[in-house]
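Just below is one structure, and these are the notes that go with it.
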Amino acid sequence: MTLRVDVLSLFPDAVSGYAATSVLGRARERGVWDLVVHDFRDAAQDVHRSVDDTPYGGGAGMVLSPEPIARTIEETSGLCHPVIALTPSGRPFTHETAQRLSELEGFTLLCGRYEGFDQRILETVVDEEISLGDFVLAGGELAALCVIEAVVRLVPGGLGNDASSVEESFGDDLLEYPHYTKPAVWRGREVPDVLRSGNHGAIARWRRAQALALTVQRRPDLIERRGGLSGDEREMLRELGALESPAENG
Ligand SMILES: C[S@@+](CC[C@H](N)C(=O)[O-])C[C@H]1O[C@@H](n2cnc3c(N)ncnc32)[C@H](O)[C@@H]1O
120 MTLRVDVLSL FPDAVSGYAA TSVLGRARER GVWDLVVHDF RDAAQDVHRS
170 VDDTPYGGGA GMVLSPEPIA RTIEETSGLC HPVIALTPSG RPFTHETAQR
220 LSELEGFTLL CGRYEGFDQR ILETVVDEEI SLGDFVLAGG ELAALCVIEA
270 VVRLVPGGLG NDASSVEESF GDDLLEYPHY TKPAVWRGRE VPDVLRSGNH
320 GAIARWRRAQ ALALTVQRRP DLIERRGGLS GDEREMLREL GALESPAENG
């Protein structure tokens, strides 16, 4: 099955250009996913091809008019739901969101510009809103591409080698362990002995312990979400000296 992604944007070339490169481009050539980009300016109804207007109530900036967006969505055959608007006030985009979207037949992404969308478009044709984070971009195109790339990597065949995405950060609510490549000593810094030992059991345990330690240190919220640490995980962290306070040892 090919995942179908429709994107509505005023800058379609920005979306299709990036989507043709690297992982996304190769996955599309293999038929893992397909992209249909719509310039919703094509659905504007006046001679100036206007897609925005001044805000009711006053204030700076322009607001995207609802009609060109609604018409584009209604008149596109085969367009998939959910229709997702990229907005700073949407639900934060996470690995779980990417996983959920990767299991669908397709979805549609709506890229805003200027001050954003008329509220009525969000209340009618949009099924959900996604935010990339607590910051404001100039438009939804970069956000849409981030969503697409994170999703396509999780679709079977999306990476060519599906094992690549299995052990990555967030896969098990953990950040990923550190990686090393050659040379074994670089500017006086050595690759940990265990990684050169050939002992696969020890390597797996070391990686797991490193992932746990990094997550405890940087993202305790993820540890809490997965229900804390098991006895074996606490033991691994003690071996690393990464669990020192009595509370953490608890
Ligand atoms: C300049 S922003 C509009 C910001 C809006 N006035 C606000 O304060 O929430 C223009 C467009 O960029 C996109 N955008 C900006 N920041 C985003 C974020 N953090 N996540 C997802 N999309 C974002 C949205 O599509 C938005 O409609």
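In the working numbering, the protein residues as written are 120 to 369.
Built from N, CA and C at the ideal position, the CB exists for glycine as well.
> Looking at residue 196 and ligand 3, is the gap between the Cβ and the nearest heavy atom below 6 Å?
Replying inline: You won't find ligand 3 in this model; what it holds is ligand 1.
> What are the boundary residues of the beta strand (DSSP E) that includes residue 78?
Replying inline: Residue numbering for the chain in the displayed model covers 120 to 369; residue 78 lies beyond these limits and cannot be assessed.
> Would DSSP call residue 302 helix, strand or coil?
Replying inline: Looking at residue 302 - three-state DSSP - the assignment turns out to be coil, as it is neither helix nor strand.
> Is residue 347 near ligand 1, with its Cβ less than 6 Å from a heavy atom?
Replying inline: No, the beta carbon of residue 347 sits no closer than 6 Å to any heavy atom of ligand 1.
> Using the C-alpha atoms, what's the distance from residue 355 back to residue 323?
Replying inline: Roughly 12 Å between the two C-alpha positions.
> With a Cβ-Cβ cutoff of 7 Å, do residue 352 and residue 333 count as a contact?
Replying inline: In this structure, residue 352 sits away from residue 333, with a CB-CB distance that is not shorter than 7 Å.
>> Using a Cβ-Cβ cutoff of less than 8 Å, which residues in the same chain neighbour residue 174 once the five nearest sequence positions on both sides are dropped?
In response: Within the same chain, 180, 181, 182 and 234 come within 8 Å of residue 174 by CB-CB distance, once the 5 residues on both sides are set aside.
>> If you follow the alpha helix (DSSP H) that residue 359 is in, where does it begin and where does it stop?
In response: Counting along the chain, the unbroken alpha helix (DSSP H) around residue 359 starts and ends at 350–359.
> Residue range of the alpha helix (DSSP H) that residue 162 falls in?
Replying inline: For residue 162, there is no enclosing alpha helix (DSSP H), since its DSSP letter is neither H nor E.
>> Rounded to whole angstroms, what is the Cα-Cα separation between residue 133 and residue 265?
In response: Taking the CA atoms as reference points, residue 133 sits about 13 Å from residue 265.
>> Alpha carbons only, please: which of 186, 259, 291 and 197 is nearest the one belonging to residue 237?
In response: Nearest option by C-alpha distance: 186.
> DSSP puts residue 203 in a beta bridge; with which residues?
Replying inline: Bridge partners of residue 203 according to DSSP: 228 and 247.
> What is the rounded straight-line gap between the Cα of residue 213 and the Cα of residue 267?
Replying inline: Residue 267 has its alpha-carbon roughly 12 Å from the corresponding atom of residue 213.
>> Could you compute how far the alpha carbon of residue 156 sits from the alpha carbon of residue 166?
In response: For residue 156 and residue 166, the distance between alpha carbons rounds to 23 Å.
> If you draw a straight line from the alpha carbon of residue 278 to that of residue 272, how long is it in whole angstroms?
Replying inline: C-alpha of residue 278 to C-alpha of residue 272: approximately 6 Å in a straight line.
>> Shorter than 6 Å, the distance from the beta carbon of residue 150 to the closest heavy atom of ligand 1, or not?
In response: With a threshold of 6 Å, the Cβ atom of residue 150 does not count as near ligand 1, since no heavy atom of the ligand is closer than that.
>> Please classify residue 299 as buried or exposed, where buried requires at least 16 neighbouring CB atoms within 10 angstroms.
In response: With fewer than 16 other beta carbons inside 10 angstroms of its own, residue 299 counts as exposed.
>> Quick check: is any heavy atom of ligand 1 less than 6 Å from the C-beta of residue 207?
In response: Residue 207: yes, Cβ under 6 Å from ligand 1.
>> Nearest by alpha-carbon distance to residue 296: which of 178, 188, 337 and 245 is it?
In response: Comparing Cα-Cα distances from residue 296 to each of 178, 188, 337 and 245, the minimum goes to 337.
>> Just to confirm my understanding: we take residue 162, look at its own chain, exclude 5 residues before and 5 after, and list those with CB closer than 7 Å. What are they?
In response: For residue 162, where only same-chain residues beyond five positions count, the Cβ hits under 7 Å are 187, 190 and 191.
> Roughly how many angstroms lie between the CA atoms of residue 158 and residue 203, to the nearest whole one?
Replying inline: In a straight line, the C-alpha of residue 158 is about 16 Å away from that of residue 203.
> Assuming residue 129 and residue 232 make a contact with CB atoms under 8 Å, what is their CB distance in whole Å?
Replying inline: Yes, residue 129 and residue 232 are in contact; Cβ-Cβ is about 5 Å, under 8 Å.
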